[in-house]
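Visitor: These protein sequences, in sequence, are chains A, B and C. Adding 757 to a residue's 1-based position in the first sequence gives its number in the numbering used here. Adding 3 to a residue's 1-based position in the second sequence gives its number in the numbering used here. Adding 6 to a residue's 1-based position in the third sequence gives its number in the numbering used here. Glycine residues also receive a C-beta, built at the ideal position from the N, C-alpha and C atoms. Note that the coordinates shown come from a computational prediction; the quantities given were computed from them, not determined experimentally. Have a look at this one.
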Amino acid sequence: MALRTEELILNVGPQHPSTHGVLRLEVELEGELVVKVKPHIGYLHRCFEKHAEAMTYPQVIPYTDRMDYLASMYNNFGYVIAVEKLMGIEVPERVEYIRVIMGELQRIASHMVALGTYGLDLGAFTPFLYLFRDREKILTMFEMTCGARLLYNYMWVGGLSHDLHPDFVRLAREFIQYFRPNIVELNNLLTYNKIFIERTAHIGILPADTAINYGITGPMLRASGVNWDLRKNDTYSIYNRFDFDIPVGQGHMGTVGDCWDRYYVRVLEMEQSMRILEQALDQLPEGDINSALPKRIKPPVGTVYQRVENPKGELGYFIISDGSLNPFRVKVRGPSFVNLSVINELSRGHLIADLIAILGSIDIVLGEIDR
Amino acid sequence: MKKAEEIFELIKSGFPGVTVELSADMPTEPIISVDPLKVHEICKFLRDNEDCKFDSLMNLSGVDDANGEKIKEEDDSEIIKGGTLSVYYHLHSMSLNHKITLRASAPRENPEVESVDNVWKAADWHEREAYDMCGIKFLNHYDLRRILMPYDWEDGSYPLRKDYKNPEFYNGMKVPY
Amino acid sequence: MYNFLTELTGNEIIAAFISAMLPVVFIVPFVIFGVLAERKVSAHIQDRLGPMRVGYHGVLQTVADFFKLIQKEDIIAEGADRKFFNLAPYLVFVGSYAVYAALPFTSTYIGSETDIGLFYIIAVSGFAVAGILMGGWASNNKYSLYGALRSAAQIVSYEIPTALVILSMVMLTGTLSLATMSEMQTAYFWNWNIFGGAEWAFTKLLLIPFMFIAFIILYISTLAEVNRLPFDMPEAESELVAGYSTEYSGMKFAMFFLAEYGNMFAVSALVSVIFFGGYQSPFGYLGNSLGLQWLIPYEQLFWFALKGILFVLVQMWLRWTLPRVRVDQLMTICWKYLIPYSFANLIIIGLITLL
């Protein structure tokens, strides 16, 4: 007589140390094996898109800050260039450079949090704090530029809220010099740690075709071996002026597209961002940042879909304008929202500890998933 | 690399008898309007056709067009009768590197659009979001539930519709502050 | 000590009671110090300051925490099995406290001068498993249950390599008594078991590498037995929230904490007794050279605590450096590596002793 067994349903979240926010995963377990994962989202839903309809175009910018709050600069960036595209505004060179500098610093800061919390998910506390120590330097630079540390509202349609602080360029160069050796330290402490590799290699393998079909973007897609970066492949702003590489997952420690690759692609991307930063700081022109600020932001009737390479993937703004001062519809395609949808595919058949490792390697921010 | 016009011609010749329209007067991007009940076929064609190869769905958004008749209610709020709800599909081909925007408009009273979630898995959550926010029903979607709003949110109450009114109570809690 | 107390009080029961309470005098300050040390050590490893507010550089932080914990409401979940839920933390603590009975703090004080101390320690340390399982089951929480089951599997598995290493040491020294074992490693540090024991012979040189292997195996398994990172599966806060102690609050939670730190010291002390001479000084006693015989026990207590704390610090250092292994890898390490190696080691040490 066969013993009747039943799966155990475990609710991971909404209050759980490693769901990175208020995400709830309904996990069906067979012993410690994951049979099925059903994500439930919306605990942080503020209906940003509805708010946006009642706001004028510049008033939407602070709301974009609050989506992916670890990469606020980049959210501003995407939104303002979408509106600029709709209105046909050309911004001054200096503004373009400053935006790229801020965007890349933000990418490094966001990856720091991603890598640090990933270590934390696997039980290594120390790399997390090391990375936060370094992130502090970036936040200080942001703070001296625009006064805020997390939610900047820095980029405006047609310009910026403040010009760079006189010390900024020096500090940014110092930061690059300071941070390069720290990446080596991180690699020695965590990346090449035997236990870390055992925990992440061959875990949660995402094949390239599945990734594309699910619309996965950003470091996750690149870790699956797809050479795809919007900064190069669908270039915007002035990214075509810089020389940088797109790191791709190569399966050094396991299979292409496993958790270790997703982790390591982010480590390599920080280096590439620093290369862009160095070039941008060298070429940074002088000029007035406010010369292109429009008197009134009232785009013509039309639609625009503008996407940028956010630290987490493709951040798309779909804006419909009816010719009034308020946007008729703003739809945000958040990278975390799309990337999370693949979790069931990734974690089926793994252990519960791997589920946490996989979730961490996706690098989600619930503010953006729930908007 | 193909222009929207060429792709439009391809769809038109591939699906005779299906209404497709091209509106190229928009300032930034041309939009191809398609029949909401033929979306699945057309999308499959666009994905598999050698000249199109739209392998990724960048974005799918539900929009309330608010183009119907606006009726004033007694309490000064508006409700909209007639008109359409639309779904916008932003497609992109990674191999051929071209983009296109599709629009499927369905009548407001019975907004039914075919689901494309077995063409691109990416559509799954986007369609659930469009259903949740605008009340667009996706036919043949395997799991059409609310996604961002609570599962027990009042039926027929869709926040992103232009005539949306907050319910007074949710589970006994007062909603407007 | 017991005899001395019996004479002093003239009553066996009172003497036994006082004698049994003495480790508490050690454990409670140790836990207060240990928790603080953990926080300070981790802070300095991680480039932070750690607690700084209570007292000079936060030295009284744990005391403040203790007062906070005893004031806390004792929450028992509605679905919990109250009887077992209440009993479990004390059972866990009993398990870790009972180990102290057989630890020779000095040559004059040992809780119970039993001849089978090692055997007794292996036996009672299993007590904690019962408590953890009981707590995890009675909490009626799935995370607790997972934690408890993991813990049971882990402790039971890792007892095997521990027992095998201890067995090889028993073969070498020929005693099960910890006091005798410490006594055999007297005088200088080269007489410690890790350096092949006190007997000067050709075999001593042969033994040293295998002693180191035995030491490493024992240290890893004790690490797993006390649920410390990288083997803190039962707690694994990123997966199981807090494992078996998820539902506990206030003093009951503090009991788990007390047991954990008590255990940390107990196993460290055990390792130091078996391999590093226990209370023996590495280079003779001050009391001997000064002719002050009464000083010797205090020196011994100092060396015993020092060695124990040193190993506790290594445990902390490991915890704040390494990520956590997965539960199946944990079992792999135990069954596929540690147990075969400890068996081989046992046989080799046995052969060498026969020489």
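For C/S145 and chain A, any beta-carbon pair shorter than 9 Å?
Guide: No - not a single Cβ of chain A is within 9 Å of the one on C/S145.
Visitor: Please classify C/I19 as buried or exposed, where buried requires at least 16 other C-beta atoms within 10 Å of its C-beta.
Guide: Exposed, because fewer than 16 other Cβ atoms sit within 10 Å of the Cβ of C/I19.
Visitor: Counting only Cβ pairs nearer than 8 Å, list the residues of chain A close to C/W326.
Guide: Residues of chain A passing the Cβ test: F882 and T883.
Visitor: Within this structure, are the beta carbons of A/E1066 and A/G975 separated by less than 9 Å?
Guide: A contact, by the Cβ cut-off of 9 Å.
Visitor: Compute the distance between the beta-carbons of A/M859 and A/M830, then report whether it is under 9 Å.
Guide: Yes, Cβ-Cβ distance for A/M859 and A/M830 is below 9 Å.
Visitor: Please list the partners that A/G770 has in chain B, where partner means a Cβ-to-Cβ separation under 8 Å.
Guide: Neighbours of A/G770 on chain B: none; closest Cβ ~15 Å, over 8 Å.
Visitor: Can you give me the C-alpha to C-alpha distance between C/N351 and C/I280, rounded to a whole angstrom?
Guide: Rounded to whole angstroms, C/N351 to C/I280 spans 16 Å at the Cα level.
Visitor: Which residue comes first and which comes last in the alpha helix (DSSP H) that contains C/L352?
Guide: From DSSP, the alpha helix (DSSP H) with C/L352 extends over I345 to L360.
Visitor: Quick one: what does DSSP say A/R927 is sitting in, helix, strand or coil?
Guide: Correct three-state label for A/R927: helix.
Visitor: At 4 residues or longer, and completely inside the region 810-868 of chain A: list those alpha helix (DSSP H) runs for me, N to C.
Guide: Fully enclosed alpha helix (DSSP H) runs of 4 or longer: 814-822 and 829-844.
Visitor: With C/V135 and C/I161 assumed to form a contact (beta carbons below 8 Å), what rounded beta-carbon distance in angstroms separates them?
Guide: Sure, about 5 Å apart at Cβ, within 8 Å.
Visitor: Determine which residues of the region 87-101 of chain B have a Cβ less than 9 Å from any Cβ of chain A, and write them out in chain order.
Guide: Correct list: Y91, H93, H95, M97 and N100.
Visitor: Would you verify that the beta carbon of A/I1196 is, or is not, closer than 9 Å to some beta carbon of chain B?
Guide: Residue 1196 of chain A lies beyond the range of chain A shown here (758 to 1128); nothing can be said about it.
Visitor: For the region 298-330 of chain C, enumerate the residues whose C-beta is nearer than 9 Å to any C-beta of chain A, in chain order.
Guide: Within the region 298-330 of chain C, the residues whose Cβ lies closer than 9 Å to some Cβ of chain A are R325, W326, T327, L328, P329 and R330, listed in chain order.
Visitor: Per DSSP, which residues does B/S64 bridge with? Please list them.
Guide: Paired residue(s): B/Y91.
Visitor: Pull up the distance between the alpha-carbon of A/G1070 and that of A/D1015, whole angstroms please.
Guide: Roughly 17 Å separates the two Cα atoms.
Visitor: Between A/R781 and C/A104, what straight-line distance do the alpha-carbon atoms span, to the nearest angstrom?
Guide: The alpha-carbon atoms of A/R781 and C/A104 are separated by roughly 42 Å.
Visitor: Please check if any C-beta of chain A sits within less than 9 Å of the C-beta of C/K148.
Guide: Yes, contact with chain A.
Visitor: What is the DSSP secondary structure of C/H63, counted as helix, strand or coil?
Guide: If DSSP states are grouped into helix, strand and coil, C/H63 belongs with the helices.
Visitor: Since C/F29 is in the alpha helix (DSSP H), which residue starts that stretch and which ends it?
Guide: Contrary to the premise, residue 29 of chain C reads as Pro rather than Phe in this sequence. Counting along the chain, the alpha helix (DSSP H) containing C/P29 begins and ends at E18 to I51.
Visitor: By the criterion of Cβ-Cβ separation under 7 Å, what are the contact partners of A/D878 in chain C?
Guide: Those are S244, listed as they occur along chain C.
Visitor: For B/P162, return the contacting residues in chain A, with the cut-off set at a CB-CB distance below 7 Å.
Guide: C804 and K807, listed in chain order.
Visitor: Taking the straight line between their C-alpha atoms, what separation do you get for B/D166 and B/G159?
Guide: Distance between the alpha carbons of B/D166 and B/G159: 12 Å.
Visitor: Can a CB atom of chain B be found closer than 9 Å to the CB of A/S1093?
Guide: No - not a single Cβ of chain B is within 9 Å of the one on A/S1093.
Visitor: From this set, A/A828, A/H808 and A/G1011, which residue's C-alpha is nearest A/L908's C-alpha?
Guide: Among A/A828, A/H808 and A/G1011, the Cα nearest to that of A/L908 belongs to A/A828.
Visitor: What is the rounded straight-line gap between the Cα of A/K807 and the Cα of A/E893?
Guide: Whole-angstrom Cα-Cα distance: 34 Å.
Visitor: So for A/A1110, helix, strand or coil by DSSP?
Guide: In this structure, A/A1110 counts as helix in the three-state DSSP scheme.
Visitor: Closer than 9 Å by beta-carbon distance: list the chain C residues that pair up with A/L1108, in chain order.
Guide: Going along chain C in sequence order, the residues near A/L1108 (Cβ under 9 Å) are R332, V333 and D334.
Visitor: Within 9 Å (strictly less), CB to CB, does A/R998 reach chain C?
Guide: It does not: the Cβ of A/R998 has no partner Cβ on chain C nearer than 9 Å.
Visitor: With 16 other CB atoms within 10 Å as the buried threshold, where does C/M27 fall?
Guide: With fewer than 16 other Cβ atoms within 10 Å, it is exposed.
Visitor: Suppose you measure from the CA of C/R54 to the CA of A/I1033; what does that come to, to the nearest Å?
Guide: Roughly 31 Å separates the two Cα atoms.
Visitor: Compute the Euclidean distance between the alpha carbons of A/D1002 and A/L786, then round it to the nearest angstrom.
Guide: Distance between the alpha carbons of A/D1002 and A/L786 is about 41 Å.
Visitor: Thinking C/G249 and C/P240 are a contact (beta carbons under 8 Å), I'd like their distance in whole angstroms, please.
Guide: Contact flag correct, Cβ pair sits at about 4 Å.
Visitor: So, is C/R325 buried or exposed, given that buried needs 16 or more other C-beta atoms within 10 angstroms?
Guide: The residue is buried, with at least 16 neighbouring Cβ atoms inside 10 Å.
Visitor: At the 9 Å Cβ level, is B/I34 part of the contact set with chain A, yes or no?
Guide: True, the Cβ-Cβ gap to chain A drops below 9 Å.
Visitor: Going by DSSP, name the residue or residues bridged to A/Y1059.
Guide: First, the amino acid is wrong: residue 1059 of chain A is Gly here, not Tyr. Looking at the DSSP assignment, A/G1059 forms a beta bridge with A/S1078.
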